[in-house]
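Student: Sharing a structure with you now.
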Amino acid sequence: MKVSFIFLVLALMAEIIGTIGGFGSSVFFVPIANFYFDFYSVLGLTAIFHLSSNLSKIFLFKKGLNRFLLLYIGLPSVLFVIIGGVLSKLVEGSMLEISLGIFLVVLSLVFLIRKKLVISPNKQNSMIGGSLSGFTAGLLGTGGAIRGLTMAAFNLEKSVFIATSAFIDFMIDFTRTVVYYQNGYIHTHDLVYVPFLLVIGLVGTFIGKRILVYIPQEKFKRIALILILLIGLVTLGKFLLRFQ
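Here's what the structure looks like:
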């Protein structure tokens, strides 16, 4: 199988932007990969890609983990990523694609319009946020933004935030990799990309960390949200063009 180096460059950009913006790379990687692979292959590749990406974040931002959030966001996330992953097999790929487009558009608009949107830092909201994050990660391939919004309520130091989020994401990705494998989403002909994506996960996280020192996260977050909105609109446009 011929490797698309344009796709690999876009994957690297997704990892860098996802690290700086705080949303995670999947919110960019999934719709980009959808232009090159069928949606089920995208889910499988995303899970594998994220495993290396999150290990890199845990290592590079290792300044302690928040045990409360690991318990009340992490465990519900792992449970519901299984549910979302199983349900993805029962839903047609085209419907998952349009759902992803709508999800990205709504998500970005909510964050752009409600700039001061906050969630109360309590156990109930943590469990709800973790459940929604895990479910969308399993069903659509991305749920980091929901988890990020939930975690932001606890006003964590930046390195602790990223390390804790990455550890939770790692548990999610490990779990959904098993589910996706059982579903048949990890195809032999796609595995040629895995070594490249593992390296990109490491390099992209490292570059993102270095850039984060010079760019205020809030300023970059707005740029990232606009990109998410555009990607969501392009995803929907691509889907609608098939029926013209």
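For the numbering used here, add 917 to where a residue sits in the sequence shown, where the first one is 1.
Positions of the beta carbon are idealized from the N, C-alpha and C atoms, including for glycine.
(1) Can the beta-carbon of residue 1097 be found less than 8 Å from the beta-carbon of residue 1047?
(2) May I ask you to verify whether the stretch 1075–1084 touches the stretch 1023–1036, counting CB pairs closer than 8 Å and requiring at least 3?
(3) Short of 6 Å in beta carbon distance, which residues of its chain neighbour residue 1156, apart from the five on each side in sequence? Order them along the chain.
(4) Which residues in the same chain have their Cβ closer than 7 Å to the Cβ of residue 1102, if we skip the five residues on either side of it in sequence?
(5) Could you pull out every residue in the same chain whose Cβ sits closer than 7 Å to the Cβ of residue 1010, ignoring the five residues on either side in sequence?
(6) Is it right to say residue 1138 is buried, meaning 16 or more other beta carbons lie within 10 angstroms of its own, or is it exposed?
(7) Determine the contact status of residue 1055 and residue 1031, defining contact as a CB-CB distance below 8 Å.
(8) Residues in its own chain within less than 7 Å of residue 991 by CB, not counting five upstream and five downstream?
(9) Measure the beta-carbon distance from residue 1115 to residue 969 and round it to whole angstroms, keeping in mind my assumption that it falls under 8 Å.
(10) Which value, in whole angstroms, describes the spacing of the CA atoms of residue 938 and residue 1061?
(11) Check whether the stretch 997–1006 and the stretch 1140–1147 touch, using three or more Cβ-Cβ pairs below 8 Å as the test.
(12) Tell me which residues share the same chain as residue 1063 and place their Cβ nearer than 7 Å to its Cβ, disregarding the 5 neighbours each side in the sequence.
Tutor: Based on what the coordinates show:
(1) The residue given as residue 1097 occupies position 180 in the sequence shown. The residue given as residue 1047 occupies position 130 in the sequence shown. Not closer than 8 Å, so no.
(2) no
(3) The residue given as residue 1156 occupies position 239 in the sequence shown. If we look at residue 1156 and ignore the five residues flanking it on each side, its Cβ neighbours are 1014 and 1015.
(4) Residue numbering aside, residue 1102 sits at position 185 when the sequence shown is read from its first letter. So the qualifying residues of the chain are 957, 958, 960 and 961.
(5) By 1-based counting over the sequence shown, the position of residue 1010 is 93. Here the set comprises 955, 956 and 957.
(6) As a working note, residue 1138 is residue 221 in the sequence shown. Its Cβ being crowded by 16 or more others within 10 Å, residue 1138 is buried.
(7) As a position in the sequence shown, residue 1055 is number 138, starting the count at 1. As a position in the sequence shown, residue 1031 is number 114, starting the count at 1. No. Outside cutoff.
(8) One-based indexing of the sequence shown puts residue 991 at position 74. Excluding sequence neighbours, residue 991 sits near 1047, 1085 and 1088.
(9) Taking the first residue of the sequence shown as 1, we reach residue 1115 at position 198. Taking the first residue of the sequence shown as 1, we reach residue 969 at position 52. About 4 Å separates the two Cβ atoms, so the contact holds.
(10) Residue 938 sits at position 21 when you count from the first residue of the sequence shown. Residue 1061 sits at position 144 when you count from the first residue of the sequence shown. Answer to the nearest angstrom: the Cα atoms are 11 Å apart.
(11) no
(12) Reading the sequence shown from its first residue, position 146 is the one you call residue 1063. Result list for residue 1063: 1046, 1049, 1050 and 1053, in chain order.
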